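Trainee:
2 protein chains.
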Amino acid sequence: MSKILVFGHQNPDTDAIASSYAWSYLEQTAWGRNTEMVALGAPNEETAFVLDYFGVQTPPIVKSAKAEGASQVILTDHNEFQQSISDIRDVDILAVIDHHRVANFETANPLYMRLEPVGSASSIVFRAFKETRTEIPKEIAGLLLSGLISDTLLLKSPTTHASDPAVAEELAKIAGVNLQEYGLAMLKAGTNLANKSAAELVDIDAKTFELNGNQVRVAQVNTVDINDVLERQSEIEEAIKASQAANNYSDFVLMITDILNSNSEILALGNNTDKVEAAFNFKLEDNHAFLKGAVSRKKQVVPQLTQSFNG
Amino acid sequence: MSKILVFGHQNPDTDAIASSYAWSYLEQTAWGRNTEMVALGAPNEETAFVLDYFGVQTPPIVKSAKAEGASQVILTDHNEFQQSISDIRDVDILAVIDHHRVANFETANPLYMRLEPVGSASSIVFRAFKETRTEIPKEIAGLLLSGLISDTLLLKSPTTHASDPAVAEELAKIAGVNLQEYGLAMLKAGTNLANKSAAELVDIDAKTFELNGNQVRVAQVNTVDINDVLERQSEIEEAIKASQAANNYSDFVLMITDILNSNSEILALGNNTDKVEAAFNFKLEDNHAFLKGAVSRKKQVVPQLTQSFNG
Chain H
1 MSKILVFGHQ NPDTDAIASS YAWSYLEQTA WGRNTEMVAL GAPNEETAFV LDYFGVQTPP
61 IVKSAKAEGA SQVILTDHNE FQQSISDIRD VDILAVIDHH RVANFETANP LYMRLEPVGS
121 ASSIVFRAFK ETRTEIPKEI AGLLLSGLIS DTLLLKSPTT HASDPAVAEE LAKIAGVNLQ
181 EYGLAMLKAG TNLANKSAAE LVDIDAKTFE LNGNQVRVAQ VNTVDINDVL ERQSEIEEAI
241 KASQAANNYS DFVLMITDIL NSNSEILALG NNTDKVEAAF NFKLEDNHAF LKGAVSRKKQ
301 VVPQLTQSFN G
Chain L
1 MSKILVFGHQ NPDTDAIASS YAWSYLEQTA WGRNTEMVAL GAPNEETAFV LDYFGVQTPP
61 IVKSAKAEGA SQVILTDHNE FQQSISDIRD VDILAVIDHH RVANFETANP LYMRLEPVGS
121 ASSIVFRAFK ETRTEIPKEI AGLLLSGLIS DTLLLKSPTT HASDPAVAEE LAKIAGVNLQ
181 EYGLAMLKAG TNLANKSAAE LVDIDAKTFE LNGNQVRVAQ VNTVDINDVL ERQSEIEEAI
241 KASQAANNYS DFVLMITDIL NSNSEILALG NNTDKVEAAF NFKLEDNHAF LKGAVSRKKQ
301 VVPQLTQSFN G
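Protein sequence lines, in the order shown, are assigned to chains H and L. Note that UniProt numbering gives residue 305 to position 305 of the first sequence, counting from 1, and the numbers run on in steps of one. Note that UniProt numbering gives residue 121 to position 121 of the second sequence, counting from 1, and the numbers run on in steps of one.
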């Protein structure tokens with residue numbers, strides 16, 4: 001029986017690593033399948049904290065399924081092919097567990113596909129454990145909890161689903177941690193930006209969107225103090241300009257998100273800063289402005305930019 | 001609260017009608033949503049038998065969601081946009097319940113999507129009733145059972161999943177019917193071809209596949225006696241040739257499927273009958289040949305044709 005690779009998206013975040021690790025365990029335990037969890041990139045600092053905390057080894061990092069001798073795969077926390085393994089079009093996709101929109105995805109055969117509009121892919125994996133009456137080991141509960149905390153900024157993001165708080169409570173209990181204390185410690189671990197270059201910082205979590213013909217890059221960094229990041233504004237702006245020049249981004253919008261108070265400072269450079277100002281009804285001063293209550297790129301930034309650029 | 005339309009694919013078969021009818025009921029009952037089940041075409045004779053048997057009214061037939069005042073939809077038994085409602089790209093897709101491959105499908109937002117590689121979409125809807133502990137009314141059990149019987153030819157098709165027979169038994173019990181007796185009566189109702197023109201007959205259940213640059217039409221009709229259909233061979237061949245000329249099909253393969261004995265006669269016309277013969281390792285005589293044990297286009301005909309045409 002040849003092995004089935006299970007993995008989250010490229011540039012993996014905690015939910016990508018957690019959901020794939022736990023799903024692979026479920027496949028083995030509930031259905032006896034020969035799966036292997038791998039990652040499409042190195043864990044970030046937040047995820048490294050989580051793996052260390054729960055004593056889970058760093059997953060093998062792969063680029064191609066065929067190179068691993070696998071022709072069957074299972075995707076978690078993504079479905080779009082450009083976010084997946086390099087040879088995704090050449091393998092058989094057996095299952096997808098995800099909480100994103102569907103785009104640039106197709107299969108040759110029927111498959112198991114489970115998408116729910118909830119706060120994290122980990123929330124869905126948790127439900128599958130319950131439905132199959134599979135006991136959740138402590139370290140897997142810890143990982144799933146961390147995936148949910150990471151994607152929802154400790155249940156504060158508007159992407160949090162009504163069902164997610166109860167999931168977090170139950171997982172925290174199994175994992176043996178205090179939800180608030182552990183959650184904050186974990187999120188803080190991801191805010192250690194001191195040893196990152198400015199170029200790394202603006203690329204930790206960045207996505208490109210085509211808005212009315214403009215290539216708009218929207219990046220996000222988490223911090224416990226917005227001023228810590230703004231102190232590095234000049235080198236960050238240099239890194240942004242270099243990235244714009246290299247990739248032809250018309251605009252670069254950086255969300256500096258305060259995870260303690262759930263606000264963001266928006267730093268914007270590019271050709272359409274008037275559109276950015278109109279999107280959020282604020283005035284940029286020295287290229288930045290405060291956006292109260294904003295923590296979600298998906299719900300509180302990209303739709304507003306889309307509307308403004310199309311207006 | 002504006003209404004949410006729930007529907008199966010164009011040219012609806014019994015599984016498309018049954019799964020959408022039952023899912024709409026579940027949405028209303030389990031989650032209190034304002035759904036309305038509609039169909040994208042008139043029920044075929046088999047489905048008409050089912051609706052009559054269980055006292056369910058023929059669903060409203062619609063062409064466009066916007067024309068019905070709906071901007072939100074739920075799809076069952078399909079996902080590919082060319083099989084869906086005409087304005088599928090202009091509406092918000094809230095959910096998909098399906099058992100086909102995924103292709104030509106995308107959404108703007110996260111959604112509920114539940115696909116399983118099982119015998120029918122009705123099998124999946126049945127499981128959702130169980131999970132939500134929603135009581136299945138007798139007529140809904142009858143519809144779901146019929147969807148499963150139709151898609152699996154009474155559990156004989158190789159598309160039948162290991163979990164499907166138990167689903168059928170439980171649904172038959174709730175519906176108050178004998179599985180074998182009811183199943184056969186229902187399938188027979190769909191084999192009444194006498195009042196169909198030859199042109200209608202070759203288009204009841206037909207799909208086009210592009211095989212190595214050739215447009216290959218593969219149609220299927222169910223019967224209780226292959227000879228009943230072969231008696232009309234000359235008018236059927238005229239209808240096939242007219243369809244080929246009108247649509248530039250290089251080849252036309254008609255499966256005449258004996259639902260009692262689970263075999264098919266293959267009638268093939270076109271430019272590549274040598275490829276059709278090679279696919280099934282038989283010799284066409286007077287344009288047709290017997291294919292023992294074949295009842296599934298998806299599993300027993302299209303893959304073999306694909307390999308032969310590419311060989």
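Positions of the beta carbon are idealized from the N, C-alpha and C atoms, including for glycine. Keep in mind the model is a prediction, meaning the values are calculated, not measured.
Taking the DSSP output, what are the residues bridged to Ala121 (chain H)?
Mentor: According to DSSP, which records beta bridges pairwise, Ala121 (chain H) is partnered with nothing at all.
Trainee: As a quick exercise: from H:Ile61, H:Ile266, H:Ser163 and H:Asp286, pick the residue whose alpha carbon is nearest that of Ser123 (chain H).
Mentor: Out of H:Ile61, H:Ile266, H:Ser163 and H:Asp286, H:Ser163 has the C-alpha closest to the C-alpha of Ser123 (chain H).
Trainee: In the DSSP assignment, the beta strand (DSSP E) including Gln72 (chain H) goes from what residue to what residue?
Mentor: Where Gln72 (chain H) is concerned, the enclosing beta strand (DSSP E) stretches over Gln72 to Thr76.
Trainee: Using the beta-carbon of each residue, which ones in chain A are nearer than 8 Å to Thr107 (chain H)?
Mentor: No chain A is part of this structure, whose protein chains are labelled H and L.
Trainee: Does the segment 65-84 of chain L touch the segment 17-34 of chain L, meaning 3 or more C-beta pairs lie closer than 8 Å?
Mentor: Verdict: yes, contact present.
Trainee: Under the three-state reduction of DSSP, which class applies to residue 327 (chain H): helix, strand or coil?
Mentor: Past the boundaries of the shown model lies residue 327 (chain H); chain H is included only from 1 to 311, so the question cannot be answered.
Trainee: What three-state label does DSSP hand Lys299 (chain H) in the structure shown?
Mentor: Lys299 (chain H) falls in the helix class under three-state DSSP.
Trainee: Under the assumption that Ala108 (chain H) contacts Arg101 (chain L) (Cβ atoms under 8 Å), give the Cβ distance between them as a whole number of angstroms.
Mentor: Indeed, because the Cβ distance is near 6 Å, the residues count as touching under 8 Å.
Trainee: Counting only runs of 3+ residues fully inside the segment 42-117 of chain H, write out the beta strand (DSSP E) ranges in chain order.
Mentor: Correct list: 72-76, 92-98 and 112-115.
Trainee: In this structure, does DSSP put Asn222 (chain H) in helix, strand or coil?
Mentor: Note: Asn222 (chain H) maps to strand in three-state DSSP.
Trainee: Ile236 (chain H) to Leu260 (chain H), Cα distance in whole Å?
Mentor: Cα to Cα, Ile236 (chain H) sits roughly 22 Å from Leu260 (chain H).
Trainee: Pick out whichever of L:Gln28, L:Arg33 and L:Ala42 has its Cα sitting closest to the Cα of Asp13 (chain L).
Mentor: Of the candidates L:Gln28, L:Arg33 and L:Ala42, the one whose C-alpha sits nearest the C-alpha of Asp13 (chain L) is L:Ala42.
Trainee: How big is the Cα-Cα spacing for Val202 (chain H) and Phe126 (chain L)?
Mentor: Looking at the two C-alpha atoms, the distance is approximately 48 Å.
Trainee: When you check each C-beta in the segment 108-125 of chain H against every C-beta of chain L, which residues fall closer than 7 Å?
Mentor: Those residues of the segment 108-125 of chain H that come within reach of chain L (Cβ to Cβ, closer than 7 Å) are Ala108, Asn109, Pro110, Leu111, Tyr112, Met113, Arg114, Leu115, Glu116 and Pro117.
Trainee: What three-state label does DSSP hand Asp251 (chain H) in the structure shown?
Mentor: DSSP places Asp251 (chain H) in strand when its eight states are reduced to three.
Trainee: Express the C-alpha separation of Asn212 (chain L) and Asn310 (chain L) in angstroms, rounding to a whole number.
Mentor: When rounded, the distance between both Cα atoms is 6 Å.
Trainee: Please report how far the alpha carbon of Leu148 (chain H) lies from the alpha carbon of Gly293 (chain H), in whole angstroms.
Mentor: Their Cα atoms are separated by approximately 19 Å.
Trainee: Can you tell me where the beta strand (DSSP E) holding Thr191 (chain L) begins and where it ends?
Mentor: First-last for Thr191 (chain L): undefined, no H or E at that position.
Trainee: Please report the distance separating the alpha-carbon of Asn40 (chain H) from that of Phe81 (chain H).
Mentor: The sequence given here places Leu at residue 40 (chain H); Asn does not occur at that position. Distance between the alpha carbons of Leu40 (chain H) and Phe81 (chain H): 13 Å.
Trainee: Just to confirm the assignment, what range does the beta strand (DSSP E) spanning Val6 (chain H) have?
Mentor: Here the beta strand (DSSP E) through Val6 (chain H) covers Ile4 to Phe7.
Trainee: Shortest alpha-carbon distance to Pro303 (chain L) belongs to which of L:His288, L:Lys283 and L:Ala278?
Mentor: Selected option, being the one with the closest Cα: L:Ala278.
Trainee: According to DSSP, is Gly10 (chain L) helix, strand or coil?
Mentor: It is Gln, not Gly, that sits at residue 10 (chain L) in the sequence shown. Looking at Gln10 (chain L) - three-state DSSP - the assignment turns out to be coil, as it is neither helix nor strand.
Trainee: Would you mind working out which of H:Lys3, H:Glu46, H:Leu26 and H:Glu238 sits nearest Asp205 (chain H), comparing C-alpha positions?
Mentor: Comparing Cα-Cα distances from Asp205 (chain H) to each of H:Lys3, H:Glu46, H:Leu26 and H:Glu238, the minimum goes to H:Glu46.
Trainee: Between the alpha carbons of Arg133 (chain L) and Leu269 (chain H), how many angstroms are there, rounded?
Mentor: Taking the straight line joining both Cα atoms gives about 54 Å.
Trainee: Touching or not, the segment 87-101 of chain L and the segment 44-59 of chain L, by the rule of three or more beta carbon pairs under 8 Å?
Mentor: As far as the Cβ criterion goes, the segment 87-101 of chain L does not touch the segment 44-59 of chain L, which means the pair count is below three.
Trainee: What do you get for Glu139 (chain L), buried or exposed, if any count of 16 or more other CB atoms within 10 angstroms of its CB means buried?
Mentor: So Glu139 (chain L) counts as buried.
Trainee: With distance defined between alpha-carbon atoms, name the residue in H:Phe7, H:Gly183 and H:Val221 nearest to Leu193 (chain H).
Mentor: Nearest C-alpha to Leu193 (chain H): H:Val221.
Trainee: To the nearest angstrom, how far is it from the Cα of Ile4 (chain H) to the Cα of Thr35 (chain H)?
Mentor: Computed Cα separation, rounded: 4 Å.
Trainee: Quick check on DSSP: helix, strand or coil for residue 315 (chain L)?
Mentor: Nothing can be reported for residue 315 (chain L), as the shown portion of chain L is limited to 1 through 311.
Trainee: Note down the Cα distance separating Gln215 (chain H) from Lys63 (chain L), rounded to an integer number of angstroms.
Mentor: Computed Cα separation, rounded: 37 Å.
Trainee: Reducing DSSP to helix, strand and coil, say where Thr134 (chain H) ends up.
Mentor: If DSSP states are grouped into helix, strand and coil, Thr134 (chain H) belongs with coil.
Trainee: Relative to the alpha-carbon of Glu116 (chain L), which residue among H:Ile17, H:Phe105, H:Ala95 and H:Ser308 has its alpha-carbon at the smallest distance?
Mentor: Here the closest residue by C-alpha is H:Ala95.
Trainee: Measuring only the C-alpha atoms, how far is Ser71 (chain H) from Asn272 (chain H)?
Mentor: When rounded, the distance between both Cα atoms is 45 Å.
Trainee: Could you tell me if Gly176 (chain H) is buried or exposed, where buried requires 16 or more neighbouring beta carbons within 10 angstroms of its beta carbon?
Mentor: Under this definition Gly176 (chain H) is an exposed residue.
Trainee: Output the distance between the C-alpha atoms of Ala166 (chain H) and Glu135 (chain L), rounded to the nearest integer angstrom.
Mentor: Each residue's Cα considered, the two are about 26 Å apart.
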